[in-house]
Structure formats: structure tokens, C-alpha cells
Amino acid sequence: MSSFKRDKKEEEDGGGNPFQNIEKTTVLQEARVFNDTTVNPRKCTHILTKLLYLLNQGEQLGTKEATDAFFAMTKLFQSRDVILRRMVYLGIKELSSIADDVIIVTSSLTKDMTGKEDLYRAAAIRALCSITDATMLQTIERYMKQAIVDRNSAVSSAALVSSLHLTKLAPEVVKRWVNEAQEAVNSDNIMVQYHALGLLYHIRKTDRLAVTKLVAKLTRISLKSPYAVCMLIRIAAKLLDEEDTGADSPLADFIESCLRHKSEMVVYEAAHAIVNLRRTTSRELAPAISVLQLFCGSPKPTLRFAAVRTLNQVAISHPAAVTACNLDLENLITDSNRSIATLAITTLLKTGAESSVDRLMKQIATFVSEISDEFKVVVVQAIRALALKFPRKHSVLMNFLSAMLRDEGGLEYKASIADTIITIIEDNPEAKEAGLAHLCEFIEDCEHTSLAVRILHLLGKEGPRTKQPSRCIRFIYNRVILENPTVRAAAVSAMAQFGATCPDLLENIQVLLARCQMDSDDEVRDRATYYSSILGQQDKGLYNNYILETLQVSIPALERSLKDYALNPGDSPFDMKSVPIAVIPTREEAEDKHKADGMIISSGPPKPPTVSREESFAEKLGHLPGVADLGPLFKSSEVVELTESETEYFVRCIKHCFTNHVVLQFDCLNTLSDQLLEDVRVQLDPSEGYTVLREIACPKLPYNETGSAYVVLQFPENDLPNSVGTFGAVLKFIVKDCDPNTGLPDTDEGYDDEYMLEDLEITLGDQIQKINKVNWGAAWDEAVATCVEMEDTYSLSSMSTLEEAVKNIVQFLGLQPAERTDKVPEGKTTHTLLLAGMFRGGIDILVRAKLALADGVTMQLTVRSTDGDVAELITSTVG
Numbered sequence: 001m002s003s004f005k006r007d008k009k010e011e012e013d014g015g016g017n018p019f020q021n022i023e024k025t026t027v028l029q030e031a032r033v034f035n036d037t038t039v040n041p042r043k044c045t046h047i048l049t050k051l052l053y054l055l056n057q058g059e060q061l062g063t064k065e066a067t068d069a070f071f072a073m074t075k076l077f078q079s080r081d082v083i084l085r086r087m088v089y090l091g092i093k094e095l096s097s098i099a100d101d102v103i104i105v106t107s108s109l110t111k112d113m114t115g116k117e118d119l120y121r122a123a124a125i126r127a128l129c130s131i132t133d134a135t136m137l138q139t140i141e142r143y144m145k146q147a148i149v150d151r152n153s154a155v156s157s158a159a160l161v162s163s164l165h166l167t168k169l170a171p172e173v174v175k176r177w178v179n180e181a182q183e184a185v186n187s188d189n190i191m192v193q194y195h196a197l198g199l200l201y202h203i204r205k206t207d208r209l210a211v212t213k214l215v216a217k218l219t220r221i222s223l224k225s226p227y228a229v230c231m232l233i234r235i236a237a238k239l240l241d242e243e244d245t246g247a248d249s250p251l252a253d254f255i256e257s258c259l260r261h262k263s264e265m266v267v268y269e270a271a272h273a274i275v276n277l278r279r280t281t282s283r284e285l286a287p288a289i290s291v292l293q294l295f296c297g298s299p300k301p302t303l304r305f306a307a308v309r310t311l312n313q314v315a316i317s318h319p320a321a322v323t324a325c326n327l328d329l330e331n332l333i334t335d336s337n338r339s340i341a342t343l344a345i346t347t348l349l350k351t352g353a354e355s356s357v358d359r360l361m362k363q364i365a366t367f368v369s370e371i372s373d374e375f376k377v378v379v380v381q382a383i384r385a386l387a388l389k390f391p392r393k394h395s396v397l398m399n400f401l402s403a404m405l406r407d408e409g410g411l412e413y414k415a416s417i418a419d420t421i422i423t424i425i426e427d428n429p430e431a432k433e434a435g436l437a438h439l440c441e442f443i444e445d446c447e448h449t450s451l452a453v454r455i456l457h458l459l460g461k462e463g464p465r466t467k468q469p470s471r472c473i474r475f476i477y478n479r480v481i482l483e484n485p486t487v488r489a490a491a492v493s494a495m496a497q498f499g500a501t502c503p504d505l506l507e508n509i510q511v512l513l514a515r516c517q518m519d520s521d522d523e524v525r526d527r528a529t530y531y532s533s534i535l536g537q538q539d540k541g542l543y544n545n546y547i548l549e550t551l552q553v554s555i556p557a558l559e560r561s562l563k564d565y566a567l568n569p570g571d572s573p574f575d576m577k578s579v580p581i582a583v584i585p586t587r588e589e590a591e592d593k594h595k596a597d598g599m600i601i602s603s604g605p606p607k608p609p610t611v612s613r614e615e616s617f618a619e620k621l622g623h624l625p626g627v628a629d630l631g632p633l634f635k636s637s638e639v640v641e642l643t644e645s646e647t648e649y650f651v652r653c654i655k656h657c658f659t660n661h662v663v664l665q666f667d668c669l670n671t672l673s674d675q676l677l678e679d680v681r682v683q684l685d686p687s688e689g690y691t692v693l694r695e696i697a698c699p700k701l702p703y704n705e706t707g708s709a710y711v712v713l714q715f716p717e718n719d720l721p722n723s724v725g726t727f728g729a730v731l732k733f734i735v736k737d738c739d740p741n742t743g744l745p746d747t748d749e750g751y752d753d754e755y756m757l758e759d760l761e762i763t764l765g766d767q768i769q770k771i772n773k774v775n776w777g778a779a780w781d782e783a784v785a786t787c788v789e790m791e792d793t794y795s796l797s798s799m800s801t802l803e804e805a806v807k808n809i810v811q812f813l814g815l816q817p818a819e820r821t822d823k824v825p826e827g828k829t830t831h832t833l834l835l836a837g838m839f840r841g842g843i844d845i846l847v848r849a850k851l852a853l854a855d856g857v858t859m860q861l862t863v864r865s866t867d868g869d870v871a872e873l874i875t876s877t878v879g
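Below you can see the structure in the form of C-alpha cells.
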């Protein structure tokens with residue numbers, strides 16, 4: 001009876017894993033049974049199963065171990081047991097990439113592939129193609145062609161899928177099977193038709209004309225396989241995105257016609273393709289939205305989920321188009337599937353009116369604890385979008401987020417909430433007090449070190465500017481008492497910022513820092529001693545430079561510069577201004593980075609630090625002759641297109657600015673298949689003061705390949721106003737006519753040719769790097785003693801709003817807005833924009849722009865810079 005109960009319990013637990021405790025050594029020893037004179041099919045099948053299980057669990061076999069097991073396995077071909085034979089095929093596939101001399105079983109597999117036993121043939125094809133190399137493929141080519149058009153659908157599918165894998169190995173051989181693949185497209189079997197289309201597309205995907213013809217041909221016939229139609233829709237959508245024909249294209253008509261297909265899978269694929277086209281208008285979206293709206297009422301949970309998820313994505317870019325589905329989405333809020341309900345609510349949050357926010361938040365609260373962290377993150381992202389859309393609702397949304405923070409959840413979930421609160425604080429000054437209060441309470445129970453450090457950093461930056469800064473101190477000091485060394489060190493830095501910004505709290509902060517100097521961790525002690533010493537000087541200049549303003553240089557570049565200096569020390573001391581500045585990401589880049597890795601500490605190996613754009617360019621430019629002597633790279637501009645994208649030669653330029661020089665990188669693309677370009681270079685007509693030092697040509701530019709040519713220029717000496725200039729540019733090259741199929745030139749002789757490019761500008765922004773000033777006011781006051789000040793007034797008559805003026809000023813000057821002054825409060829007719837940056841050569845710049853709105857925008861611009869010529873350059877360029 002007790003035995004029966006134990007078996008019953010095992011059954012309830014799922015039976016357990018019979019292979020859980022097997023070891024590789026034991027299994028390899030058991031595999032010697034394969035060499036027995038008489039094969040025991042049942043025993044050998046069990047051993048093979050264990051071996052395959054180990055391999056699929058990631059167990060690594062040595063080459064000798066794999067080879068021994070492989071050759072033992074080949075002895076099993078003498079057995080006629082069907083199950084054992086099919087296990088052998090699987091074993092051959094798994095060991096083919098590890099073992100040596102696997103090619104020895106080619107004849108046996110070929111025999112099974114062409115034999116009469118249908119149960120063997122498909123598996124034999126897959127195994128044979130896994131061991132075949134490029135040299136042997138031609139010997140089985142005839143058999144593969146026959147298998148592709150075989151009447152047995154399993155054999156045909158196996159051959160088609162194997163051919164697809166073989167395109168990586170020998171694409172030229174597989175291209176010769178195109179006739180057989182086209183025949184297979186006409187098969188009555190839905191999977192054969194699907195696999196045949198996949199192979200045909202893969203063979204032709206590099207030839208746009210061939211793909212277009214294939215799609216045009218197949219859209220005129222009715223494919224029986226819904227899978228094939230789905231693939232055809234994806235190919236057509238890709239072609240539509242690449243060309244600029246819009247809704248009038250036959251491809252768009254085909255995708256739209258698929259909305260009326262009898263298969264629900266095809267209908268959804270067509271709707272999904274339409275809503276994801278890059279140039280879709282709201283009018284073109286309408287039929288796809290109607291189909292998705294119908295799916296929202298489907299009895300099938302998969303269709304409801306697919307529809308609401310797609311509508312959720314569409315709501316980001318076309319919220320008005322999704323509004324028609326709001327009633328159907330509200331019906332899904334009570335759906336038994338919580339994933340569907342979550343997506344329905346978050347979609348409504350993106351499309352709903354401000355008046356419906358309170359009601360929707362109450363409905364979310366009823367089930368948010370029942371859904372997974374993944375969907376909670378979706379809810380949080382929707383709340384973030386809502387907070388930016390309806391700033392006045394920040395109180396309701398912030399209270400809801402703080403309640404979510406107190407719930408159980410992983411790091412990704414908690415980080416997304418904290419990041420949303422931070423975003424709300426940054427975008428809405430009215431939400432700052434409440435948001436910081438919620439974050440203060442959260443770090444009392446925060447178990448994630450990375451998240452606590454980020455919040456402490458924010459509290460140090462924003463807390464001193466609140467109405468009652470002392471309220472935050474208790475929460476920060478509690479971290480010093482209760483947390484690990486990493487958090488304690490961050491808390492010390494945050495407290496020091498309060499001491500530097502709030503004079504009335506300085507005495508108390510010094511007492512707390514004195515206690516921290518007794519900490520058990522050396523990093524915490526060192527920070528407390530460092531900050532206490534600086535605060536003791538009571539010098540605002542020291543506060544600003546060593547506590548409030550963080551290090552602006554790129555850390556990897558600083559490490560590299562120090563290493564180079566240590567290896568080759570000069571007579572002069574190390575100059576911090578020679579180190580490239582860390583690039584400040586835009587809001588969009590920061591959002592993308594947050595989506596990519598959030599603040600999540602991976603359980604796997606640590607990721608290498610992200611290399612900045614300037615650092616990656618510096619490494620590439622360092623290999624060019626003479627460029628390494630120009631000094632550190634100061635700034636690389638955004639890409640400037642010098643030709644239209646549809647022209648025969650496509651040229652883009654990136655301007656790399658150094659202290660006294662600029663390197664122009666011209667990326668050239670040859671779009672003519674019957675021409676090979678050689679000695680490709682750009683001839684400039686430089687503006688006054690510039691000197692062309694070197695031209696570096698691209699030696700060869702074949703069809704559809706990008707090559708780079710360079711021009712090294714010296715900035716005008718002692719003439720800063722002329723550093724802003726316009727250059728004429730001509731692309732020069734030698735043309736050799738060639739065979740479009742091979743790319744080989746017809747003759748060794750070529751002829752000179754040239755191509756006019758758009759004029760190229762070196763702007764003020766190209767020579768300025770953004771600097772983030774946390775305490776701009778202190779830096780401005782300090783600059784009175786050390787900087788030259790220039791002031792002028794301008795009429796910006798072409799600009800009708802303060803928002804437009806702010807955006808254009810920031811873009812033109814290339815400076816970093818400070819203290820969120822790039823956001824103009826609603827209804828204001830006056831605004832002050834504060835900017836900071838650094839001119840090439842390490843020259844600091846601070847700019848204050850006072851704007852007033854009347855008939856146009858009037859601007860009073862005040863510039864303070866350590867170099868009077870730079871201040872004059874800015875005021876004269878703006879004028």
C-alpha cells in the first residue's frame with residue numbers, strides 16, 4: 001500500500017526526470033555496447049537517448065570522445081529496427097560538428113536516402129546534409145534534386161530545409177536547384193510549399209529584381225499553404241519598405257487583399273504587416289485596424305492576444321487610429337486571460353482621454369498583482385507615456401506607482417517603476433517633491449544595490465533644491481547605517497551634495513561625514529574624508545568643481561591617456577583637457593539604452609563598457625597616415641548626406657574635429673553594377689583660411705560596397721571667425737567598365753570621371769562639445785573672474801514660438817541645456833535658456849539666452865568664455 005502511495009505522489013509531481021543524474025563518463029562507457037556482435041535495439045536506443053539528452057543539455061564532448069561514440073554508432077546500421085535507425089540519424093546530426101572523419105557514413109546515408117523505406121529517407125537526408133562539406137556536395141546533388149520534387153511530402157520538406165542550411169556552405173551549388181524549388185512551390189502539401197518558397201527567397205534575396213519577379217508571380221496565383229502566404233506577405237512588406245511607392249503599389253494591394261483570406265493566420269499577418277509599414281498613413285491603417293477590432297471579440301484567446309498586442313504597438317505611433325477600438329478594448333479589461341487584460345488597459349491608457357485616467361487606474365489596481373513582472377513592466381511603460389501626455393495627472397499616477405513599488409517584484413520591474421518616477425520628476429517640476437518622497441520611502445526597503453545607488457544619486461542632485469532638503473537626509477543617512485559598502489559610498493556622495501548646496505545644513509552634514517570616517521570600508525572612509533575636507537574649506541569654487549560637477553571626460557579615454565602618459569612621460573604635466581569629453585546622450589538615446597539594458601545587473605558575465613562613437617572613430621582614424629599626430633579626437637559630427645540616396649554614387653560625410661585640425665570622412669557607395677571605381681577621392685574648394693594638408697583616396701570601390709576617402713584640413717590660424725565656412729566638393733575617380741555578374745573589369749585601362757557633390761559646411765556646433773553643468777548658476781558666478789563676457793541682442797523673426805526658438809538655438813550652438821531650461825512652461829511669453837559646453841582645445845563656454853515673445857522672438861545672448869575670441873565667434877555667428 002505504501003508503495004502505491006509513493007507511485008501516486010510521483011505521478012502528481014510529474015513523474016520526475018529519469019535522466020536527471022546521468023553522467024557523461026558513464027554514458028560513454030555504456031556506448032561501447034554498440035560494438036557488440038549482436039545489436040540489442042532496445043538497449044542501444046536507451047543509451048542513444050541518454051547521449052542525445054546530454055548533448056542537448058549543453059554537455060561538451062571532446063573530439064576523441066565524440067569520434068569514438070560516432071564510430072561505435074555507425075555499427076548500429078546493421079540493425080533493421082526502425083526506432084533505433086532514426087535515433088542513429090539524430091546522433092549523426094548532433095556529433096557531426098564535433099567528431100572527426102564523419103564523412104565515412106556518407107554511402108550508408110545515401111543508400112537510405114534513395115532507398116524504398118520512406119521512414120528512413122527524410123531523416124537520412126537531414127543527417128547527410130549535416131555531414132556534407134562543399135567538396136562532397138556535388139556528389140549528392142542529383143539525389144538532392146530528386147528529393148526536392150519527391151512525391152513524399154516529408155522527404156521533399158526535409159530536402160528543402162536541408163538545402164536552405166546548405167546555402168551557408170555552398171550557395172553557388174544550391175542556386176542550381178532553383179528549378180526544382182519552383183516545382184515544389186506548386187506542391188499540394190502546405191509545408192512543402194512553405195519550405196520551397198523559403199528556399200527560393202533565400203537563393204534570390206540578394207537580387208532585388210529576381211525577388212520582385214518572384215513576388216509578382218506568386219501574388220497572381222492562389223497559394224494553398226497559409227504559411228507560404230504569410231511568408232509572401234513578409235517579403236512583400238520588406239520590398240514596400242525599401243521602395244517609396246506608397247499605397248499605389250501592387251504589393252500594397254496584395255497585402256490589403258490578404259485581409260479577406262479564409263485563414264485567420266494570414267489575415268492577422270496582413271494586418272500586422274500593414275500597421276508596421278514605415279510610411280503607413282492613418283487612412284491606409286483603417287482596414288487593418290478593423291480586422292484587429294474583429295479579432296478582439298474572437299472566442300480564441302490567441303487571436304484576442306495577437307490583436308490587442310498589435311493595437312498596443314500601433315497606439316504608440318497612431319493613437320487616433322486605435323480610438324475606434326476603445327469599446328472593444330474596454331470589454332477585454334475583464335478578460336480571464338490577464339495578459340490580454342493588461343495589454344487592453346495599457347492600450348486604453350495610450351489612447352484614452354484625460355478624464356478616463358482615474359477610472360482606468362482603479363481597474364488596473366484590481367488585478368495588477370495577478371500578472372507577471374513582464375506585463376507589469378508593460379503597464380509601467382504605458383503609465384510613463386500617460387504621465388508625459390497628461391502632466392496634471394502626475395499625482396494619481398505617482399501614487400499608483402509608489403503602491404507598485406511596495407509590491408513584490410524583480411529588479412527589472414522595480415527599475416522600470418523607479419525610472420518612470422524619475423522621468424516624471426524630470427519632465428514635470430510640480431511632481432518633484434512627491435516623486436522624491438516616494439523614492440526616499442522605497443530605498444528604505446530596496447534590496448537591489450544598483451537601483452539604490454541610482455536613486456541616491458538622484459536624491460543628491462535634486463534633493464537640495466526641494467522646499468525642505470533636510471527631509472531627505474534621514475533616508476540617505478539610514479543607508480550609511482544599514483546597507484552594503486556600495487550603497488554606503490553612494491549615500492556619502494549624496495550627503496556631500498547637500499552640504500555643498502545648502503549652507504544651513506553644512507554643519508549637520510559635517511557631523512554625519514565625521515561618523516562615516518569610522519566606517520569599516522575604505523571606499524566609504526575615503527569619500528567621507530575627501531568630502532569633509534572640501535566642505536571644510538567653505539569655498540564655492542571648490543564645491544562646484546569637486547562635489548557638484550561630475551568628471552566630464554570619457555573614462556575609457558582617460559584610462560588610455562594615463563596609460564600612454566605613464567609609458568611615455570613628457571616634460572609637461574598630464575593635461576586633463578587633452579582627454580576626450582564623454583558624449584552626453586540625447587533623450588531618445590537614453591531611452592533606447594534603458595530599454596536595452598535598463599539598470600539590470602545580469603547574472604551572466606559582465607558586459608564590456610559601451611564604446612562611445614568618438615572612441616570607435618578615434619581607433620579607426622588612428623590607422624590613417626598622419627592622423628595620429630593631430631592629438632586626441634574632440635568631436636565627430638552627425639552624418640551629412642552630400643548626394644540624394646537614389647543617385648548612382650551615394651556620398652555621406654562625417655566631420656572629425658581635433659584641436660587645430662578637422663578630418664573629413666567621405667563614405668562612398670557605388671550603385672552601378674557595371675562599373676568598378678578606383679582611386680576614389682574628394683577634391684575640396686576650401687573656404688578662406690583653411691589649409692588642405694592631406695588627401696587619402698579609397699583605392700577601389702566595387703559595386704554595392706562602401707569605401708571611405710579622407711581629407712585632412714587645418715583650421716585657420718588666429719582667425720576663429722573664418723573657422724565657420726562652406727566648401728565646394730567634387731568626387732573624382734577612375735572608372736573601369738566591368739561584367740555585372742562577376743564584377744571583374746573588362747580592361748585594365750580606365751578613364752577619369754568626376755561627380756559634383758553638395759556644398760559642405762563646417763559649423764559652430766561641429767567645434768563644440770556638450771558639457772553637463774549640474775550647478776549652472778554657481779559656474780556662471782564663478783566665471784565672472786576668469787572669463788571674457790560678450791553680449792548682444794537679436795531678433796529671431798522667423799520663429800513664432802519660444803519652443804521653436806529654444807530648439808533651434810540648442811541645435812545651432814551645439815551646447816547642452818542646463819537645469820531643464822530647454823523645456824518652456826506652457827503659456828509663458830518670456831524664458832531663460834541656460835547652456836554649457838566646451839570649444840575645441842578645452843575652452844569652456846557658458847551661454848545665457850533671455851527670450852521674449854512678441855511679434856517674433858527677441859533674444860538677449862550673453863556669452864562667458866575663457867577665450868575672448870570664442871565668445872566673439874559665438875555672438876558673431878548667431879548674428
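For the record, in the sequence shown the residue sitting at position 120 is 120 according to full-length UniProt numbering, with numbers rising by one throughout.
C-beta atoms are modelled at their ideal positions from N, C-alpha and C, and glycine is treated no differently.
Since this is a predicted model, take the numbers as computed values, not measurements.
Residue i versus the options, residue with shortest Cα-Cα distance
| i | options | result |
| --- | --- | --- |
| Asn312 | His272, Val680 and Glu180 | His272 |
| Tyr710 | Glu644, Val662 and Pro745 | Val662 |
| Ile131 | Arg142, Lys577, Val149 and Val102 | Val102 |
| Thr659 | Pro817, Ser636, Arg279 and Thr643 | Ser636 |
| Ile22 | Asp241, Lys50 and Gln29 | Lys50 |
| Thr342 | Ala324, Ile371 and Ser355 | Ile371 |
| Ala854 | Gln816, Asp241 and Ser798 | Ser798 |
| Leu332 | Ile316, Val308 and Ser355 | Val308 |
| residue 882 | Lys205, Gln146 and Val211 | In the structure as shown, the chain begins at 1 and stops at 879. Residue 882 is therefore absent and cannot be evaluated. |
| Lys213 | Phe400, Ile424, Ser222 and Tyr201 | Tyr201 |
| Val735 | Gly435, Pro699 and Ser708 | Pro699 |
| Leu846 | Ala852, Val857, Thr786 and His831 | Thr786 |
| Gln293 | Val314, Leu277 and Cys325 | Cys325 |
Nearest-angstrom Cα separation, counted from residue j out to residue i
| i | j | result |
| --- | --- | --- |
| Asp7 | Pro18 | Since pLDDT at Asp7 reaches only 47, below the 50 mark, its modelled position is unreliable, and the value read off the structure follows with that caveat. Going by the C-alpha atoms only, they are around 14 Å apart. |
| Val453 | Leu551 | 18 Å |
| Ile696 | Lys732 | 12 Å |
| Thr501 | Tyr477 | 17 Å |
| Glu12 | Phe367 | For Glu12, the predicted model reports a pLDDT of 47, less than 50, meaning its position is unreliable; a value from the coordinates is still stated below. Those two C-alpha atoms are separated by around 30 Å. |
| Thr793 | Ser865 | 18 Å |
| Asp759 | Leu642 | 7 Å |
| Val344 | Asp358 | The question names Val, but residue 344 in the sequence shown is Ala. The straight-line gap from Cα to Cα measures roughly 16 Å. |
| Val788 | Lys540 | 20 Å |
| Asn772 | Glu59 | 50 Å |
| Ala270 | Ser290 | 12 Å |
| Ala590 | Ile768 | Because Ala590 sits at a pLDDT of 48, beneath the cut-off of 50, its placement in the model cannot be relied upon, and the point is left open. |
| Met518 | Ser493 | 16 Å |
Close beta carbons around residue i, own chain, < 6 Å, minus the five adjacent residues each side
| i | result |
| --- | --- |
| Ser416 | Val377 and Val380 |
| Ser157 | Met191, Val192 and His195 |
Residues near residue i by beta carbon distance below 8 Å, same chain, minus five either side
| i | result |
| --- | --- |
| Thr302 | none |
| Glu872 | Leu720, Pro721 and Met790 |
| Ala596 | Any answer about Ala596 is weak, because its pLDDT of 38 lies below 50 and its placement is not dependable; what the coordinates show is given next. Result list for Ala596: empty, nothing under 8 Å. |
Beta-ladder partner(s) of residue i, from DSSP
| i | result |
| --- | --- |
| Phe727 | Leu760 |
| Gly626 | DSSP output for Gly626 lists no bridge partner at all. |
| Val692 | Leu713 |
is_contact[residue i, chain C] using C-beta, thresh 7 Å
| i | result |
| --- | --- |
| Glu94 | Although the question refers to chain C, the structure presented lacks it and comprises just one protein chain. |
Beta-carbon proximity list for residue i, same chain, < 7 Å, skipping 5 on both sides
| i | result |
| --- | --- |
| Thr323 | Thr351 |
| Asp685 | Phe727 and Gly728 |
| residue 884 | The structure shown does not extend to residue 884, since the chain spans only 1 to 879, so no value can be given for it. |
Pairing CB atoms from the segment 809-821 with CB atoms from the segment 751-759, are three or more of them under 8 Å? no
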